[in-house]
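Read through the structure below, which is laid out as structure tokens, and then see the notes.
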Amino acid sequence: MVEESRPSWENPMQFVLACVSYAVGLGNVWRFPYLCQMHGGGGFLIPYLIMLVVEGLPLFYLELAIGQRMRQGSIGAWSAINPYMGGVGIASVVVSIFLAVYYNVINAWAFWYLFHSFQGTLPWAECPLSSNFTTYVPECEKSSSTDYFWYRETLNISSSIEDHGGIQMGQALCLVLSWMVVYLCVLRGTESTGKVVYFTATFPYLVMIIYLIRGVTLHGALNGLKYMFTPKLSDLADPKAWIDAATQILFSLGLGCGSLIAFASYNHHNNNFEKQAIVVSLINSATSIFASLVTFSIYGFKATFNYESCLDRTQLLLINTFDLAEDSIKNNNLDDWISHLNASFPDKFATISSQIEGCDLESELDTAVEGTGLAFIVYSEAIKNMGLSQLWSVLYFSMLLMLGIGSMLGNVAAIITPLRDSAFLTRHFRKETLIGMMCLFCCLVGLSFTTRSGNYWFTIFNDYAATFSLLFIVLIEIITVCYVYGLKKFEKDIEVMIGHRPHWYWKIIWSVISPVLIIGLFIFYIADYIMGGTPTYQAWDSNLGKTVTKEHPPFAQAVIGLLLVTSMMCVPLVALITFIKKKKEQARESKISTTAS
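For the sequence shown, the working numbering gives the first residue as 21, with consecutive numbering after it.
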């Protein structure tokens, strides 16, 4: 199993940083804070940390052990464990291809925003003027300047997924640039990746520290932090909170994609991966919590700014309508003034009642946003209201780039390592050519996400390409190790590598708790998908200046179905093909024996 000529990391620190750079990604920045907001603030940390201990950490340990013991990519590793299980590795590669194809689009968007940050005035800071140069573009006025820049200037989004539109050249060029950067980072394998991760793994922390210092000094930041650290323990009775915690741990650590197996396959045979698994898992979770501090301080600033702006607009409306003194209304409770004026001047008040906004700080803080909405709209809106906004914009989008590129290095390694393990491919293609062809293929497919309907397809891939599939892959991995390969044999392998057998805790988790937990998650997702009815998506309505819910057309539902089953089907298909081959070999051997006798 051990290849003496196999390249290795220069030192254990490179391996740890590679794992940190891969595991700590955009999900820590835009998914975890959203889940905290949805499930009781700081109270969500309880199920999250429990799931880290009983699910994330043990499975992370298991994948590192497999990679280091077999010293092959996912396909070779699982085929070596059992020939019938080679499909698990192929399934991981398929999922990694799906991830690589759409994930690098995020880096393209980050490049786009970064390039636009070097302007005297940020282009999303205010609405552009219409063709008559006297009024603002109506679509922007109905939404906001940040929404307009994202949906119209960046995506130039269509009104539905059926309206494909053409490729947006700016986005396409940024995507090509993103793939060129990834190619250069992985070109020389561990030699180049090992150097790059020193930067991709550490730079985001520097930016987050700077942002935290700036964030907590912003007006209203304490409102956001107070919101985060005020646990709503009643929310813990909701099973969805526990399911989301388990899912977040599983996906944020990058389990099931084959990346961890690929990285660990370049370790020295006696590397102490046990300590490294614990360290990386704890760093990943600590980063999620740390990023939430930054995000909630920004949330607090944004919510307070919007709340006070709402108050100012309402006060100005009342002052102009009822000819009031400015000081008199500002020194008193606005709600009391509204009630008083409504009672005293009902007819006059009725003429402006539709223009009075409901200003509520708690409602602003309750507005949960995840994914691209948080990364490219909420943060952009907060940044434009900061002093030296260009500086904060450059820092923020540079951080997003480093997080995205770090995760891409893991995704690409999960694809390239099994390909380079293939004697046929390495005999016919140089390493640089093989990596180049893979990057070119993913880039060409990824161009479909730069069309006017590309964001809708991006959302489909983000929601369905690595949900059921990864749960299924991780479940088969655990069952294979514990009940096909054999837990006793796996223990001995670990003892050979690190000098001692795994603690009884790991064995109980692997053999009982993790399989039961993942089966429960799998059932939940299937039931949720079936009971959810026709899948829907959020389409941008330029006339309303906001998103509206639409049902996916049949062809989009077919793509969703393919994304759900394509990778999973690799497992039974490979097992069936292997079974047929063995039967044919047995029949041929039997025929030769009969002829000889």
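The beta carbon of each residue, even a glycine, is placed where N, CA and C say it ideally should be. Model, not experiment: these values are computed from the prediction.
Kindly list the residues whose CB is nearer than 6 Å to the CB of residue i, restricted to its own chain and excluding five residues on each side of it in sequence; keep chain order.
{"i": "residue 297", "result": "80, 81, 84"}
{"i": "residue 104", "result": "595, 598"}
{"i": "residue 29", "result": "35, 210, 214, 286"}
Any idea what DSSP makes of residue i, helix, strand or coil?
{"i": "residue 597", "result": "helix"}
{"i": "residue 21", "result": "Since pLDDT at residue 21 reaches only 42, below the 50 mark, its modelled position is unreliable, and no value is offered."}
{"i": "residue 561", "result": "strand"}
{"i": "residue 571", "result": "strand"}
{"i": "residue 286", "result": "coil"}
{"i": "residue 446", "result": "helix"}
{"i": "residue 77", "result": "helix"}
{"i": "residue 119", "result": "helix"}
{"i": "residue 603", "result": "helix"}
{"i": "residue 149", "result": "strand"}
{"i": "residue 471", "result": "strand"}
{"i": "residue 141", "result": "coil"}
{"i": "residue 252", "result": "coil"}
{"i": "residue 174", "result": "helix"}
{"i": "residue 554", "result": "coil"}
{"i": "residue 379", "result": "coil"}
{"i": "residue 112", "result": "helix"}
In its own chain, which residues sit with a C-beta less than 7 Å from the C-beta of residue i, not counting the 5 before and 5 after it?
{"i": "residue 176", "result": "188, 472"}
{"i": "residue 23", "result": "Unreliable positioning characterises residue 23 in this predicted model, as indicated by a pLDDT of 45, which lies under 50. A coordinate reading is not provided."}
{"i": "residue 191", "result": "128, 132, 470"}
{"i": "residue 263", "result": "541, 544"}
{"i": "residue 527", "result": "507"}
{"i": "residue 212", "result": "205, 206"}
{"i": "residue 515", "result": "521"}
{"i": "residue 257", "result": "none"}
{"i": "residue 446", "result": "440"}
Assign residue i to one of two classes, buried (16 or more other C-beta atoms within 10 Å of its C-beta) or exposed (fewer than that).
{"i": "residue 491", "result": "buried"}
{"i": "residue 302", "result": "exposed"}
{"i": "residue 441", "result": "buried"}
{"i": "residue 615", "result": "exposed"}
{"i": "residue 137", "result": "buried"}
{"i": "residue 274", "result": "buried"}
{"i": "residue 432", "result": "buried"}
{"i": "residue 366", "result": "exposed"}
{"i": "residue 588", "result": "buried"}
{"i": "residue 261", "result": "buried"}
{"i": "residue 380", "result": "exposed"}
{"i": "residue 426", "result": "buried"}
{"i": "residue 113", "result": "buried"}
{"i": "residue 573", "result": "exposed"}
{"i": "residue 332", "result": "exposed"}
{"i": "residue 291", "result": "buried"}
Return the first residue and the last residue of the alpha helix (DSSP H) that residue i is part of.
{"i": "residue 202", "result": "189–206"}
{"i": "residue 489", "result": "488–499"}
{"i": "residue 269", "result": "259–272"}
{"i": "residue 620", "result": "This structure leaves residue 620 out entirely; the chain is present only between 21 and 617."}
{"i": "residue 485", "result": "Counting along the chain, residue 485 falls outside any alpha helix (DSSP H), and DSSP gives it neither H nor E."}
{"i": "residue 49", "result": "46–50"}
{"i": "residue 545", "result": "534–551"}
{"i": "residue 511", "result": "507–518"}
{"i": "residue 92", "result": "Taken as a continuous stretch (DSSP letters only), residue 92 belongs to no alpha helix (DSSP H), as it is neither H nor E."}
{"i": "residue 165", "result": "165–168"}
{"i": "residue 459", "result": "451–466"}
{"i": "residue 234", "result": "223–236"}
{"i": "residue 522", "result": "Counting along the chain, residue 522 falls outside any alpha helix (DSSP H), and DSSP gives it neither H nor E."}
{"i": "residue 440", "result": "409–441"}
Whose C-beta lies closer than 8 Å to the C-beta of residue i among residues of the same chain, with five residues either side of it excluded?
{"i": "residue 232", "result": "310, 313, 314, 317"}
{"i": "residue 577", "result": "554, 555"}
{"i": "residue 197", "result": "128, 131"}
{"i": "residue 185", "result": "176, 178, 471, 472, 473"}
{"i": "residue 21", "result": "Note that residue 21 has pLDDT 42, beneath the 50 cutoff, so the model's placement of it is unreliable and the number below is only indicative. Here the set comprises 89, 90, 91, 92, 100."}
{"i": "residue 581", "result": "none"}
How about residue i: is its Cβ closer than 8 Å to a heavy atom in the ligand ZN?
{"i": "residue 497", "result": "This structure simply doesn't include the ligand ZN, nor any ligand for that matter."}
For the structure I just gave you, are there three or more beta carbon pairs, one from the segment 243–252 and one from the segment 32–51, closer than 8 Å? no
Can you confirm whether the segment 281–297 touches the segment 85–93 when touching is taken to mean that 3 or more C-beta pairs between the two stretches lie within less than 8 Å? yes
Are at least three pairs of beta-carbons, each pair with one atom in the segment 68–80 and one in the segment 514–534, less than 8 Å apart? yes
Is the segment 100–118 in contact with the segment 588–596, if contact means three or more CB pairs nearer than 8 Å? yes
May I ask you to verify whether the segment 560–570 touches the segment 493–508, counting CB pairs closer than 8 Å and requiring at least 3? no
Across the segment 226–243 and the segment 317–326, are there enough close Cβ pairs to call them in contact, namely three or more that are closer than 8 Å? yes
Decide if the segment 517–524 is in contact with the segment 136–150; the criterion is three or more beta carbon pairs, one per stretch, under 8 Å apart. no
Determine contact between the segment 150–170 and the segment 414–433, defined as no fewer than three beta-carbon pairs at a distance below 8 Å. no
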